[in-house]
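Accompanying notes for the structure given below.
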Amino acid sequence: MAIVSYAIGIAEGSLFEIKSGFCTARWFLSKKACCPDSSSHACAQWRPWSDILRLAGAKAVWANFAIFALATVSLAALSHAVTSTTASPARATTAGKATRSFAAAGSGLAEVQVIVSGVALPGYLTLRTLAAKTLALLLSISSGMCIGKEGPFVHIAACLGNLSCEFFSVHEAGRGRRIVGASIAAGVTVAFRAPISGTLFAFEVAGDHLPLEMLFATFFGAIAAALCSEMLNTYWSEATLHPVGRLQGWKWTEMPVFVALGAMGGATGSLFIKSTKAWKRYFRQIPVVKQSAMLEVVLVGGATAALNFWNPYTKLPVTELLLQLGAPGAEGIDPFPTGPVLVAALIKCALTVVSHGIQVPAGIFLPAMAMGGLMGRLVANSIQAFAIRFPGVIPVAPESYSMVAAGATMCGTTRLSMTVVVILVELTGSLDHMLPFCGAILAAKWAASKLERQSIYDTCLASYPFLNAHSPTIPDAELCDVLAWAARPWEMHVADTRVVSVVDAEKIHRQVVQADGPDRCIPIVRNGGLLGVIAGSDLGRALQCASGVGCNGVETIDLTPYIDPNIVAMDSHSSAGLVHQSFVRLGQQCVGVLRRGQYAGLLHRRDFVEFLRRRR
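Position 290 (the sequence shown) corresponds to 289 in numbering that gives the first Met the number 0; numbering is contiguous.
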């Protein structure tokens, strides 16, 4: 994972800067690498495109803008083109609507959570998805859109964990899911160079499905990723996000400001979630936009270029912006005047809303932190003006306010608490700021929960059969009530030899795939008893083997190698709460229903999730 992060970090710097110019010494270098010793913006070896075209004045500005916009849109469109290579066949969602998804699109964290919980999502952790997501992520973040790479890093790490299971022949499904869950830590570790945060993140988002004995393995993987990342960064220091540096000391008179910043960041995060819901409900339902994901990507890329080019803060890479917000003494555009910072904050908020959910690899961690950091700087400017008029009343540390507000907005968006606190500590190296960070994050989570019940990840999980282990609302119903609502007509009856007719198997397989997708389980029944289940994808493989070379004229197939006998069967009068716990704790795809010891039906996880949502 460290190698993937390192490669993306190096290539990103060059591709991002190519929109503005190139290095005459080595064209593939970024501006910072081209002019490492330059103490100002002037650099003889770095030439903007207007110099190459020999333009000056207004013509030079508009030429630079045109090339900047063209490069931004082109990189975004290429990213979507690569992402579309991972398109899956249309499948039925929990709402019963047929949708087509891209395995490499979005953050991927929600999908990893679903997989770790025990739900099979074919194609999401394959080598093809890994390659496509890595390349598409490089292109999307290089375009300058308001997206992050931290969530996609988690998905990439999960892909690597799944591939390692295949390489080392880990066939037990439960153990493989635990390894994938432990791999989550490596993705966050290389993104923030924070191994403790990565470990906490893995258990905060997937702790219901990660046993405590996986703590050492998770931490070991995070430490290994951090060590490899540090070793690689000795050769190229631009590859990952650097610690912003130690913050100035704080005093108790600042504590109310930190708590207020936390509440403001939490409110901002919740308003961001509401805005993304509204954008999805209205704009993405426009027929022309709904039918063409590429059109939306191009429109967002064009809007990003048109707004970012004219502001010195939005034009920066988001990692560089955070570094400058957290380190006021750093070289660049510090100090931060109020006017441009206010405009930058508004632009970042608007573009982050419209960029979330487009069909390219996109994370939310750093964009949320950038929104909060800019707002924190605005608050710092206001307090500085107050301190000038009333000196000695309150000390002012603008970088502290920026980092606190950045973490609070991230918490309000993701509802992560301990992880965000430790990320801030590891980024700043300021252990003495632990109390302000904790106070701000608690205020942020409280404010966000009051304004919006769901986190940004909960909105992404809505289309998947994901069950929360701590769901507070389980209806007072029995298993037979759920089955009566969600019954499926297909089942396969076999004799003592577990052999079925090819014609019957093809008919059932066709019905299942068209109606519910290949992950649907099919019950195998013999003499009124439930022998086990077979997944639609496994039945398809059995039919392919039966129609292979040398099998012409085969009329029956033996399903013994494909049947999963480890199926939980429950009495039809079992409570919905017990069914919920069996799905969550055991990671089952389906539950058999028995009536007086005889098979009565099969309840799939997806149907149970939809039943719970309709009852709430």
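C-beta: ideal position from N, C-alpha, C; glycine also.
For residue i, which three-state DSSP category applies?
| i | result |
| --- | --- |
| ALA104 | coil |
| GLY527 | coil |
| PHE622 | Because residue 622 is not part of the residues shown, which for the chain are 0 to 615, the question remains open. |
| THR93 | In this prediction, THR93 has a pLDDT of 45, which is less than 50 and means its spatial position is unreliable; what the coordinates show is noted afterwards. Coil at THR93, not helix or strand. |
| LEU120 | coil |
| GLU212 | helix |
| GLY362 | strand |
| VAL395 | coil |
| LEU54 | coil |
| SER269 | helix |
| THR555 | strand |
| ARG127 | helix |
Do you know offhand how far residue i's Cα is from residue j's?
| i | j | result |
| --- | --- | --- |
| THR408 | THR85 | 32 Å |
| GLU229 | THR188 | 11 Å |
| ARG376 | TYR400 | 7 Å |
| CYS145 | THR472 | 36 Å |
| CYS164 | ALA185 | 16 Å |
| ILE7 | LYS132 | 11 Å |
| VAL499 | THR418 | 52 Å |
| ILE17 | PHE64 | 13 Å |
| LEU162 | ILE422 | 28 Å |
| VAL179 | LEU129 | 14 Å |
| ALA329 | VAL342 | Its pLDDT being 44, under 50, ALA329 is placed unreliably in this model, and the coordinates cannot settle the point. |
| ARG396 | VAL317 | According to the sequence provided, residue 396 is Ala. The question's Arg does not apply to it. Going by the C-alpha atoms only, they are around 21 Å apart. |
| THR313 | LEU159 | 33 Å |
| PHE101 | TRP445 | 34 Å |
| LYS30 | GLU11 | 12 Å |
| ALA618 | SER139 | The requested residue 618 does not occur in the structure, where the chain is confined to residues 0 to 615. |
| ILE357 | GLU295 | 7 Å |
| HIS593 | LEU585 | Before going further, note that residue 593 is Leu rather than His in the sequence given. So the two alpha carbons sit approximately 19 Å from each other. |
| MET433 | MET254 | 12 Å |
| LEU77 | ALA135 | 8 Å |
| GLY197 | ILE183 | 7 Å |
| LYS279 | CYS437 | 33 Å |
| ILE332 | ILE382 | Confidence is the limiting factor: at ILE332 the pLDDT is only 42, short of 50, which leaves the residue's position unreliable, though a coordinate-based value still follows. Cα-Cα distance, rounded: 20 Å. |
| ALA156 | GLN597 | 44 Å |
| VAL502 | ASP557 | 13 Å |
| LEU74 | ALA349 | 20 Å |
| VAL60 | PHE582 | 60 Å |
| ALA91 | SER536 | At ALA91 the pLDDT is 48, less than 50, meaning the model places this residue with poor confidence and gives no usable figure here. |
| GLU481 | ALA575 | It is Val, not Glu, that sits at residue 481 in the sequence shown. Between VAL481 and ALA575, the C-alpha separation is close to 8 Å. |
Near residue i, what residues of its chain come up, given a Cβ to Cβ distance below 6 Å and the 5 sequence neighbours on each side ignored?
| i | result |
| --- | --- |
| VAL118 | PRO464 |
| CYS479 | SER571 |
| ALA238 | Its pLDDT being 47, under 50, ALA238 is placed unreliably by the model, and the measurement read from it follows with that caveat. Answer for ALA238: TYR5, GLY8, ILE9, ASN232, listed in chain order. |
| ALA193 | ILE422, GLU425 |
| PHE218 | THR198 |
| SER573 | LEU478 |
| CYS544 | none |
| VAL379 | One detail in the question is off: residue 379 reads as Ala in this sequence, not Val. Once the five neighbours on either side are set aside, the close Cβ partners of ALA379 are PRO397, TYR400. |
Among residues of its own chain, excluding the 5 on either side of residue i, which ones have a beta-carbon nearer than 7 Å to its beta-carbon?
| i | result |
| --- | --- |
| LEU624 | An answer regarding residue 624 cannot be provided, because it is not within the stretch 0 to 615 covered by the chain. |
| TRP48 | GLY20, ALA62, ASN63, ILE66 |
Smallest Cα separation from residue i: which of the options?
| i | options | result |
| --- | --- | --- |
| THR458 | SER269, ALA130, PHE21, VAL60 | SER269 |
| THR267 | VAL317, GLN513, ALA442 | ALA442 |
| CYS42 | ALA24, LYS58, GLY56 | ALA24 |
| LEU529 | ALA201, VAL297, ILE562 | ILE562 |
| LEU450 | MET433, THR412, PHE436 | THR412 |
| ILE455 | LEU542, PRO366, ARG509 | PRO366 |
| GLY591 | SER536, ILE521, VAL608 | ILE521 |
| ILE675 | ASP207, ILE222, GLU398 | Outside the shown range of the chain (0 to 615) lies residue 675, about which nothing can therefore be said. |
| LEU298 | LEU246, TRP309, PHE282 | PHE282 |
| GLY531 | ARG540, CYS589, VAL578, GLU477 | CYS589 |
| VAL353 | ILE440, VAL524, PHE271, MET569 | PHE271 |
| GLN247 | GLY173, GLY428, VAL60, GLY105 | GLY428 |
| MET402 | LEU315, LYS506, LEU260 | LEU260 |
| ILE523 | LEU538, GLY206, GLY300 | LEU538 |
| ALA304 | VAL578, SER141, MET370, ALA369 | SER141 |
| THR71 | SER462, LEU482, LEU137, ALA32 | LEU137 |
| ILE533 | CYS544, VAL512, PRO564 | PRO564 |
| ALA68 | GLY105, PHE15, THR82, ALA57 | PHE15 |
| PHE152 | ALA224, THR559, ARG174, SER49 | ALA224 |
| THR275 | VAL115, VAL204, HIS355, MET569 | HIS355 |
| MET263 | GLU554, GLY206, GLY372 | GLY372 |
If I measure Cβ to Cβ from residue i and keep anything under 8 Å in the same chain, skipping five residues before and after, which residues do I get?
| i | result |
| --- | --- |
| ILE2 | CYS227, LEU231 |
| VAL113 | LEU120, LEU460, TYR463, PRO464, PHE465 |
Against chain C, with Cβ distances strictly below 8 Å, would residue i count as a contact?
| i | result |
| --- | --- |
| ALA57 | This model lacks chain C altogether, as it is built from one protein chain only. |
Go through the segment 137-162 residue by residue and report every complete run of the alpha helix (DSSP H) that reaches 4 residues or more, in order.
Listed in chain order, there is nothing to give.
Uninterrupted alpha helix (DSSP H) stretches inside the segment 273-340 (no shorter than 4 residues):
286-290, 292-307, 317-325
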